[in-house]
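Encoded as structure tokens, the structure appears first; notes follow it.
In structure tokens form, the structure reads like this:
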């Protein structure tokens, strides 16, 4: 009984310390430029037709009337 109590009294604080550790810091959301850069990189590695490639590249690089770019 004493051995079990001693083991419990040693492991419980260690377990609680692990649960109380600080969470990982929150990541910042990706900027529009980072998203565009990634999309263009993925577009470059795709094997779509030249016509579709040009269409998507144009959509990603040209500004739109409402200030949004991309979709």
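In mature numbering (1 follows the signal peptide of the UniProt record, and there is no 0), the protein residues as written are -20 to -1, 1 to 51.
The beta carbon of each residue, even a glycine, is placed where N, CA and C say it ideally should be.
Contacting residues, own chain, Cβ-Cβ under 8 Å from residue i (five flanking each side not counted)
i	result
residue 33	23, 26
residue 28	36
Own chain partners of residue i with C-beta closer than 6 Å, once the 5 adjacent residues on each side are dropped
i	result
residue 38	none
N-terminal and C-terminal residue of the alpha helix (DSSP H) that residue i is part of
i	result
residue 39	30 to 41
residue 13	12 to 25
Under 8 Å between C-beta atoms of residue i and residue j
i	j	result
residue 20	residue 40	yes
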